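Here the sequence shown stands for residues 561 to 855, numbered as in my numbering. Some notes on the structure that comes next.
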Amino acid sequence: MKNIAVIGAGTMGNGIAHTFAQFGYKVQLIDISEASLKRGMETITKNLDRMVAKEKITEEDKQNTLDNLYTTTSIAKGVEYAGLVVEAATENVDLKLNIFKELDEVCPDDTILATNTSSISITQIGAVTSRPDQVIGMHFMNPVPVMKLVEIIRGYNTSDDVTNTIMELSKKLNKIPVEVNDYPGFVANRILMPMINESIETLYNGVAGVYEIDTVMKLGMAHPMGPLQLADFIGLDVCLSILEVMYEGFKNPKYAPCPLLVNMVRAGKLGVKSGEGFYNYSENRKAEVVSKQFA
């Protein structure tokens with residue numbers, strides 16, 4: 561399996577493409593937008609330059625990685641020779657189901673179809689294909705080239721052979737794969753998102769401010785990043801989407817999104833990507849200035 565296709569050139573997609581290409585795989589990065597593909601390749605190049613500057617890779621390694629990357633706006637063209645497709649589009653159920661229906665039609669019969677979803681049912685995604693045994697979750701962590709974990713999620717029908725293949729492939733990327741079963745939020749987000757949501761509730765209820773909540777968790781619990789800062793980094797819209805999937809999946813009120821989170825997303829305050837969330841990022845991407853509404 562040397563040919564990989566990645567659907568989506570955003571933060572996760574370009575990170576996944578970068579990682580496969582760096583380890584010698586030929587990668588087709590696919591997106592419906594030429595502008596997104598251009599931004600994705602620019603991001604990959606900047607990240608490689610950063611790695612060269614830190615002497616983690618050589619200039620030759622950088623060039624080899626870039627030489628392994630190709631871009632296209634055509635799914636059919638991009639997956640023509642793919643042994644594995646990794647979908648990393650927006651966290652939207654209908655969008656993902658439509659993508660997998662198309663992939664099932666245009667991919668070779670033996671192609672494994674993986675999704676980078678952070679919460680949506682692998683079983684549900686597999687059910688819209690004629691190959692549910694070849695559908696699996698590969699939940700990479702952000703930033704993909706740096707983070708070691710890959711959450712490998714088995715759908716109800718995912719075969720042992722496909723699971724073992726993806727576990728071994730992840731190891732070849734110098735990642736640590738962890739196999740989990742298909743329930744809303746899997747492991748990472750089932751634990752992380754309620755913590756983030758509770759942090760937002762703590763702010764909403766006036767228990768403490770943004771800086772104080774994050775400081776308690778960083779200094780008291782040894783978290784490298786406070787939960788509100790982390791929410792900004794992930795994207796508040798993504799956090800809301802994951803919580804809604806979990807709330808719908810479990811029908812348990814403990815997963816209900818905090819009203820403050822809902823209102824911030826409605827107002828377009830999405831975190832780093834919009835320039836403001838719990839912190840203001842107009843000057844830089846570091847969480848140094850608390851947003852005016854919480855100051």
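We put the beta carbon where it would ideally sit given N, CA and C, even for glycine. Computed from a prediction, not measured in an experiment: that's the story for all the values here.
**Asked** From Ala613, Asp774, Tyr839, Ile751, pick the residue whose C-alpha is nearest to that of Ser679; which is it?
**Response** Ile751
**Item:** Given 8 Å, three or more beta-carbon pairs between the stretch 821-829 and the stretch 663-679
**Value:** no
**Message:** Suppose the cutoff is 8 Å on Cβ atoms and the five residues either side in sequence are ignored; what does the same chain contact list for Thr683 look like?
**Reply:** Taken in chain order, the residues that qualify are Pro692, Gly715, Tyr716, Asn717, Asp742.
**Request:** Sort out for me which residues DSSP pairs Asn741 with in a bridge.
**Result:** The partner list for Asn741 (beta bridge, DSSP) reads Arg714.
**Prompt:** From which residue to which residue does the beta strand (DSSP E) around Ala517 run?
**Reply:** Outside the modelled stretch of the chain, which goes from 561 to 855, sits residue 517, for which no answer is possible.
**Prompt:** On the three-pair Cβ rule with 8 Å, is the stretch 613-624 touching the stretch 647-657?
**Reply:** no
**Request:** Below 8 Å CB to CB, which residues in the same chain sit around Tyr641 once its five sequence neighbours on both sides are set aside?
**Result:** Asn563, Pro668
**Prompt:** Nearest to Gln582 by alpha carbon, out of Asp591, Glu665, Ser690, Pro705?
**Reply:** Pro705
**Asked** Taking DSSP as the reference, what is the three-state secondary structure of Asn563?
**Response** strand
**7 Å CB neighbourhood of Glu761 in its chain, flanking five on each side removed** = Cys818
**Prompt:** Nearest CA to the CA of Asn572: which residue from Gln853, Phe700, Leu597?
**Reply:** The amino acid at residue 572 is misidentified as Asn; the sequence shows Met. Of the candidates Gln853, Phe700, Leu597, the one whose C-alpha sits nearest the C-alpha of Met572 is Phe700.
**Asked** What number of angstroms, rounded off, separates the C-alpha of Thr605 from the C-alpha of Lys598?
**Response** 11 Å
**Message:** Tell me which residue opens and which closes the beta strand (DSSP E) that Lys586 is part of.
**Reply:** 586-590
**Message:** Considering only DSSP beta bridges, list what Phe700 is partnered with.
**Reply:** Val710
**Request:** Note down the Cα distance separating Tyr815 from Pro754, rounded to an integer number of angstroms.
**Result:** 6 Å
**Message:** What would DSSP say about Tyr841, mapped onto helix, strand or coil?
**Reply:** Secondary structure at Tyr841: coil, using DSSP grouped into helix, strand and coil.
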